[in-house]
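A short write-up of the structure that comes next.
In my numbering, the protein residues as written are 2 to 1027.
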């Protein structure tokens, strides 16, 4: 392939050394849409790095808007409150346009490539609005609309905030709604004389100047009059509503607050280009005739100048090898006047079809590091569990729960025990339930190197074969972990509850506990069944030998009473929560079986990969013991959320926000002691996301209603049973159908997010009357407890209150947070510190840490600004999502390895989506989705026919629901070879459509890690619908 390199004097054609075109493949061998050399012609303009580029120094390669404002901490908070600055995550879309979401109205603020200032996709940035004259316009139409193709002079926009979960649409057109060539800036139009009639289309974006120059072709006179009345040099606040709904704000990145790690290190191949025009880049030696460039394997990343001293010697000798191999590149610097960054090669990555390398690729893709904790980060911590003794003062100032039968219930292979429970029956028919959570804040000093490292990781990452912990093992597996038969420091909630789960009273505080028994979920459920006299358990005496016994003085009967009481109330809590509308969707998880770890001698003699290959897998079975822990953790998180919310309301209403156990100076301002309130909400999903499911339901005479979580759950189950009854499906097919519909619903839900309650209130107070926001909201403890027990009473009032915005859609509760897992989630640690500040016990810190960091002794007492909390919660949201996706990718990878070694498997598959040339199949028994070409899926079929029905556009659809392109409904009719499969030819299933259940062969080729699926005859599957 040849690349055009333009020069003011002449045009030359240059071929990259060793280049031969080949499509790029990822680990699943899915061909990228883009060639690895797309944009390479632009790259030549910056080969000379900081030297003068080709032609005039003010050409298109130079950066604009590079001057950054000098914002100090005070200025940032002041600008954020005024709305002149926006703190948000940057989203990058095709053709160089980015955007952030304005938190005040949910609209996009567009940022051109020149104004990104080297910020990349999913960086957290500060954005300043540009003057109105530089804003854009959308939704404009001609006097007489013309039928023309979309030209390069047009831009498409949609205000829909894309779901962060997997899309269900196959082969949809390239997302033209985000393309970013503005009409007035089009290089095509720049050298042409405008025609007398300029075509404007409703869903395109144009600059204001371009629109005004061609205003004679626009029908909307009101829009034109509005623009003429505006001061185009004025920069309004982001708080102000848009003067006209057709206007689109634009901005410029002023500061990068948090870099996305996935943009700093990534994979690619190497290409070598001649140093044309005798120009030598800074990173190229003068006697070398080639410049080295990394061509990234993902179109999300830029091309990178590579320091030749870091290029492997074999690639320098044979340039063709650079294109055939994958290398890990790390960006080292990015000059302000350079369009592309500089980097170094860290390693030759090797074969992506090996488990170890494929796992490393997953970590690279999601920006997850697996490096060791440094001595500086471990400063002040004991080097072994034996070195630590709980100080005497902690026994004196904490509540002691060691006299109770405290237990933990966790997975069999768990090492970090975050939570423990105990229960006591009172004389009045009530119960006292203790929920004890590891006191991580005692060992992690605020603003210490370890705290900063934990805040950067924000969460532990759970892969199939290993865990990447947020905290070092000395804490996560020993000192903080609530191991049995050891005194441990905890943060406890003591609830007084009725048998139906209603909370009567609650206490929060720091405590000392001693776990008396460590149980697995299976062991806990066996004990509960024994207590219930389950006839399925025949020989109880034999079972007792294998069940753990509690530490003295407690007996096995005490353990039984504890579990049975906790289980009884948990059942009532779960029933009540589902009745209130909590989403209940089926989700499948897998367990993988591994060989025993190699001995030291075997490791030395074994030359194979250190990653163990799975010997098989099984489906995780959730029993009621899982529900027991789940319900009590939800109760604890709700209780903490109510506690934080109640104190926040006190603070707003001028009531003394909290009682302090430590003396305060008279001049001390209570507001300076407030650490914020970090809650978690689950936004209601947009109805348009369910259009596809609603259409399927409508064809089956079902009203699919996603307006609330209760109706959504009912709609999914009703639709599944209706389709099963219509097709006479057996119970196995019904379960597959329910799982498929649950999955299709799950990926359409919004993502639950942490948020700072103070920031949310500040935003809402700009939109609505403050009195309305707090209307009928009390900080009374009884009111808040009843609010969680009967949340629908708040919704029936139909008025705009804060609780409408703190609502958790999935759980159908008004207030929620995360408190119960501080060992593996930094957000929980933040909440612990916020509660401790309110209770006045935030100075409970390991003495050795206070000695080590005595120079930062004021860090506990310092005032933390809203912008600091906003940045932390935004980063927690980002990293939690990435960790979840990495875990799912790891499960998919190891499942594929099992398919390769132990396959093929014959299973029923459900059609999730069908397009012009692709089909997506869900194998419910594995929880695996596979997308493949239709011709490959039907390669065993004698003949098949593709049918398409065009759906008419809904004229009422606007910009917010992605209804821009008509979608076709596809079906496939097929027949088998009647000479070989006569029994199948006459079967009922001769058509493939959405939600069809088909017999499939699931397999994987040798030496690859790509799952494949193909249609087979029904006699391959024993579990068929008969």
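Cβ coordinates follow ideal geometry from the N, Cα and C atoms, glycine included.
- Going by C-alpha positions, residue 259 is about 14 angstroms away from residue 87.
- Between residue 676 and residue 701 a beta carbon distance of about 52 angstroms is seen, past the 8 angstroms cut, so the two are scored as non-contacting.
- Taking each of 837, 451 and 821 in turn and checking the Cα distance to residue 850, the smallest one comes out for 451.
- Residue 757 carries a strand assignment under DSSP once its states are collapsed to helix, strand and coil.
- Assignment of residue 924 by DSSP, reduced to helix, strand and coil, places it in the strand class.
- Exclusion of the five residues before and after residue 942 leaves 975 as the residues of its chain whose Cβ lies within less than 6 angstroms of its Cβ.
- For residue 95, the closest alpha carbon among the candidates 122, 104 and 109 is that of 122.
- Counting along the chain, the unbroken beta strand (DSSP E) around residue 508 starts and ends at 504 to 521.
- Excluding sequence positions up to five before and after residue 508, its CB lies within less than 6 angstroms of the CB of 495, all in the same chain and listed in chain order.
- Separation of the CB atoms of residue 408 and residue 520 is rounded to 6 angstroms, and the pair is thereby assigned contact status at 8 angstroms.
- The Cβ-Cβ distance between residue 790 and residue 680 does not fall below 8 angstroms.
- Shortest Cα-Cα distance from residue 396 to any of 389, 514 and 387 involves 514.
- In this structure residue 783 is exposed. Its beta-carbon is surrounded by fewer than 16 other beta-carbon atoms within 10 angstroms.
- Each residue's CA atom was taken as its position, placing residue 900 and residue 906 some 7 angstroms apart.
- If you check the CB distance, residue 238 and residue 132 do not come in under 8 angstroms.
- Taken atom to atom, the span from the alpha-carbon of residue 919 to that of residue 740 is near 21 angstroms.
- Minimum Cα-Cα distance from residue 815 among the listed residues 804, 825 and 727 corresponds to 804.
- Taken through DSSP and simplified to helix, strand or coil, residue 747 comes out as helix.
- Contact fails between the stretch 765 to 780 and the stretch 706 to 720, because fewer than three Cβ pairs, one in each stretch, are under 8 angstroms apart.
- A direct Cα-Cα distance of roughly 10 angstroms separates residue 705 from residue 718.
- With contacts defined by Cβ atoms closer than 8 angstroms, residue 581 and residue 619 do not form a contacting pair.
- Note on residue 1021: under 16 other CB atoms within 10 angstroms of its CB, so exposed under the neighbour-count rule.
- Taking one beta carbon from each stretch, the stretch 456 to 465 and the stretch 889 to 898 have 3 or more pairs nearer than 8 angstroms; the two touch.
- Here the alpha carbon of residue 291 sits roughly 5 angstroms from the alpha carbon of residue 274.
- Nearest Cα to residue 298 within the set 913, 324 and 498: 324.
- The stretch 865 to 878 and the stretch 566 to 573 do not touch, with fewer than three beta-carbon pairs separated by less than 8 angstroms.
- Residue 459 is positioned such that its CB atom lies no closer than 8 angstroms to that of residue 768.
- According to DSSP, residue 343 shares a beta bridge with 306 and 334.
- The three-state reading of DSSP puts residue 806 in helix, counting H, G and I together.
- If you draw a straight line from the Cα of residue 842 to the Cα of residue 242, it is about 43 angstroms long.
- A direct Cα-Cα distance of roughly 16 angstroms separates residue 839 from residue 846.
- Here residue 543 is exposed, its C-beta having fewer than 16 other C-beta atoms within 10 Å.
- Secondary structure note for residue 640: its alpha helix (DSSP H) is the uninterrupted segment 625 to 653.
- With respect to residue 130, residue 206 sits apart: the two C-beta atoms are not nearer than 8 angstroms.
- Nearest to residue 731 by alpha-carbon distance, out of 226, 692, 998 and 106, is 998.
- Taking a cut-off of 8 angstroms on C-beta distances, the stretch 302 to 322 does not touch the stretch 100 to 111, as fewer than three cross pairs fall below it.
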